[in-house]
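Its first residue numbered 1, the sequence shown is counted upward by one per residue in the UniProt record's numbering. In this text, a Cβ means the ideal position worked out from N, Cα and C, and glycines have one as well.
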Amino acid sequence: MDNKDKSIIEKLLSISGVEACAISSLDGDVLQFSSNSEDLKESDIKRASAEISKLFSSYSISSIEISSLFLSFQSHNVILHSFGSGFIFIASKKNSNVNLVKMETSYLESEFIKIVNRSLGDLSSNSSFFKNNMQETAAYETNKTFPTFDDNFTQSNGPFSNSTNDANNRINNIIPINVIIAIKDLFANSLGPIAFIIFESKIKELNQAIDNFNYQYIDEFIKLLSKEIEDENDRILFVKNVRNILKTIQ
Numbered sequence: 001m002d003n004k005d006k007s008i009i010e011k012l013l014s015i016s017g018v019e020a021c022a023i024s025s026l027d028g029d030v031l032q033f034s035s036n037s038e039d040l041k042e043s044d045i046k047r048a049s050a051e052i053s054k055l056f057s058s059y060s061i062s063s064i065e066i067s068s069l070f071l072s073f074q075s076h077n078v079i080l081h082s083f084g085s086g087f088i089f090i091a092s093k094k095n096s097n098v099n100l101v102k103m104e105t106s107y108l109e110s111e112f113i114k115i116v117n118r119s120l121g122d123l124s125s126n127s128s129f130f131k132n133n134m135q136e137t138a139a140y141e142t143n144k145t146f147p148t149f150d151d152n153f154t155q156s157n158g159p160f161s162n163s164t165n166d167a168n169n170r171i172n173n174i175i176p177i178n179v180i181i182a183i184k185d186l187f188a189n190s191l192g193p194i195a196f197i198i199f200e201s202k203i204k205e206l207n208q209a210i211d212n213f214n215y216q217y218i219d220e221f222i223k224l225l226s227k228e229i230e231d232e233n234d235r236i237l238f239v240k241n242v243r244n245i246l247k248t249i250q
């Protein structure tokens with residue numbers, strides 16, 4: 001946990017009534033945890049996080065979108081904020097003002113998204129999830145130019161292959177919803193809160209749905225999203241990270 005992450009969690013713990021905070025991935029892995037209460041141990045939070053992950057998954061399978069939940073855990077109230085790639089677990093005293101805690105924590109959501117994505121990158125540094133292509137990075141540092149979409153989207157064995165056979169093989173494939181959500185969170189990191197509105201509009205533009213997105217449209221979709229990112233460095237990083245995410249479902 002770096003100083004920035006600590007600062008965000010300290011802000012949470014400084015809110016009146018809040019006694020513990022955890023940031024978990026969508027799979028229920030606790031990425032960050034801090035507590036002011038001896039009654040709330042990390043082992044307890046890990047077990048609770050695993051169960052909460054199952055709960056969010058069941059809602060997702062049923063196409064029910066849940067952004068927040070209010071639960072009772074041991075002798076505490078628990079507020080959960082879901083944001084696609086993970087969720088925030090905030091435990092407060094039973095007599096605390098829940099509405100006030102909700103209001104004071106919701107504005108930090110974008111920061112939590114960054115923590116989850118960064119933590120997933122650290123945990124998966126030896127896997128393909130957020131692994132950087134060092135040759136591409138070196139080429140960018142040398143040329144300081146944005147790679148064309150042909151360069152970015154034409155790997156012979158990758159998810160953006162131009163191969164007709166690859167396209168035919170995938171024409172009936174649906175991209176898992178958790179992958180689409182992960183892409184949405186990456187897009188939000190580059191563009192901020194407005195990203196969610198743009199993301200949904202681009203999906204509709206392609207006549208797709210977040211839970212029923214056909215693989216054959218992914219190239220065009222990422223191109224549309226990339227054009228919305230003005231900062232060159234952010235745009236390159238976004239495309240690269242999306243490609244790495246899509247490698248996980250090859």
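Taking C-alpha positions only, Phe238 is separated from Ser201 by approximately 18 Å. Rounded to whole angstroms, Asn207 and Tyr217 show a C-alpha spacing of 10 Å. Uninterrupted beta strand (DSSP E) stretches at least 3 residues long and entirely within the segment 7 to 54 occur at 18 to 25 and 30 to 35, given in chain order. Within the DSSP bridge table, the entry for Val78 names Leu71 and Ala91 as partners.
Excluding residues up to 5 positions away in sequence, Ile52, Ser68, Leu69, Phe70, Leu71, Phe87, Ile88, Phe89 and Ile90 lie with their Cβ nearer than 8 Å to the Cβ of Leu80 in the same chain.
Judged by DSSP in its simplified three-state form, Ile174 adopts strand.
In this structure, the alpha-carbon of Glu205 lies about 10 Å from that of Leu224. DSSP places Asn207 outside both helix and strand once states are collapsed to three, so it counts as coil. Put simply, of Thr248, Glu230, Gly28 and Leu40 the residue whose alpha carbon is nearest the alpha carbon of Glu19 is Leu40. The beta carbon of Val242 lies closer than 7 Å to those of Ile183, Leu186 and Ile222 in the same chain, with the five residues before and after it left out.
With a contact defined as Cβ atoms closer than 8 Å, Ile245 and Val179 qualify at about 6 Å. Within a 10 Å sphere around the beta-carbon of Lys227 sit fewer than 16 other beta-carbons, which makes this residue exposed. When the Cα atoms are used, Ala209 and Ser37 turn out to be separated by approximately 43 Å.
Within the same chain, Cys21, Ser34 and Asn36 come within 7 Å of Leu13 by CB-CB distance, once the 5 residues on both sides are set aside.
Between Asn173 and Asn95, the alpha-carbon positions lie close to 50 Å from each other. Only residues of its own chain outside the window of five on either side were considered, and among them Lys184 and Phe187 have a CB closer than 6 Å to the CB of Phe199, listed in chain order. The shortest C-alpha to C-alpha distance from Asp219 to any of Ile175, Leu31 and Ser49 is the one to Ile175.
Here the alpha carbons of Glu230 and Asn212 stand approximately 28 Å from one another. Annotation for Gly28: Ser49, Ala50 and Ser53 place their beta carbon closer than 6 Å to its own, counting only its chain and skipping 5 residues before and after. For Glu230, there is no enclosing alpha helix (DSSP H), as DSSP gives it neither H nor E. Residue environment: Gln74 is assigned as exposed (fewer than 16 neighbouring CB atoms within 10 Å of its CB, all protein chains considered). A straight line joining the alpha-carbon of Asn214 with that of Ala195 spans about 21 Å.
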